[in-house]
């Protein structure tokens, strides 16, 4: 289940990427790859998710998938028209497809993922002629912080 979009004192944060970075940190503390995602619509946080494939025994339990599922449940529609997604790492192909199917308006992401990313790296999913919907894309948002979470996480495991 995704986390509700409130900070530790119950306020809606003004920086969704900060909330995504916080969620990524929680994922890392749980032994999951530290990736966090937030869905926003009209300035309202609809959902916050973090990676949990290990805990959920579910290879699809990526931060984006969890946040998209929760946001769809909150608004009662599989289409997240007018919604923006903030994620700490460039989405993979599976998540890019979900972003397209959900009709996310804008995608903001932190660190690029040259190996597994599918937005501006790898397959460049949204540029494929078979892609039904491509969001506006803004990469490099708080990239240094997002990348450091990943570097630290993997350095501890080597």
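Numbering (the working numbering), first residue to last: 630 to 787. We treat Cβ as the ideally placed atom computed from N, Cα and C, and that holds for glycine. The model shown is predicted, which means the values in this text are computed figures rather than measured ones.
Provide the residue(s) that pair with residue i in DSSP beta bridges, ordered along the chain.
{"i": "residue 766", "result": "736"}
{"i": "residue 673", "result": "670"}
{"i": "residue 679", "result": "665"}
Judging by CA-CA distance, which residue of the options is the nearest neighbour of residue i?
{"i": "residue 720", "options": "762, 710, 749, 673", "result": "749"}
{"i": "residue 643", "options": "715, 681, 679", "result": "715"}
{"i": "residue 682", "options": "733, 754, 693, 743", "result": "693"}
{"i": "residue 710", "options": "723, 670, 686, 745", "result": "670"}
{"i": "residue 786", "options": "662, 722, 736, 754", "result": "662"}
{"i": "residue 736", "options": "759, 743, 744, 697", "result": "697"}
{"i": "residue 754", "options": "779, 686, 722, 685", "result": "722"}
{"i": "residue 783", "options": "658, 733, 706", "result": "658"}
{"i": "residue 751", "options": "758, 780, 743", "result": "743"}
{"i": "residue 760", "options": "705, 733, 660", "result": "733"}
{"i": "residue 768", "options": "758, 746, 684", "result": "746"}
Kindly list the residues whose CB is nearer than 6 Å to the CB of residue i, restricted to its own chain and excluding five residues on each side of it in sequence; keep chain order.
{"i": "residue 775", "result": "717, 739, 740"}
{"i": "residue 645", "result": "667, 669, 715"}
{"i": "residue 703", "result": "675"}
{"i": "residue 652", "result": "665, 677, 679"}
Using C-beta distances below 7 Å, list every residue in its chain close to residue i, excluding the 5 sequence neighbours before and after it, in chain order.
{"i": "residue 724", "result": "691, 693, 694"}
{"i": "residue 700", "result": "668, 675, 676, 709, 712"}
{"i": "residue 649", "result": "665, 666, 667, 715, 716, 717"}
{"i": "residue 777", "result": "none"}
With a CB to CB cut of under 8 Å and the five nearest residues on each side skipped, what residues in its chain are close to residue i?
{"i": "residue 638", "result": "Its pLDDT being 37, under 50, residue 638 is placed unreliably in this model, and the value from its coordinates should be taken loosely. Cβ neighbours of residue 638 beyond the five flanking positions: none."}
{"i": "residue 656", "result": "662, 663, 664, 665, 679, 680, 681, 692"}
Would you check if the segment 723 to 736 and the segment 757 to 764 touch, i.e. whether three or more CB-CB distances between them fall below 8 Å? yes
Give, in chain order, every unbroken run of the alpha helix (DSSP H) that is at least 4 residues long and sits entirely within the segment 681 to 727. 682 to 685, 692 to 704
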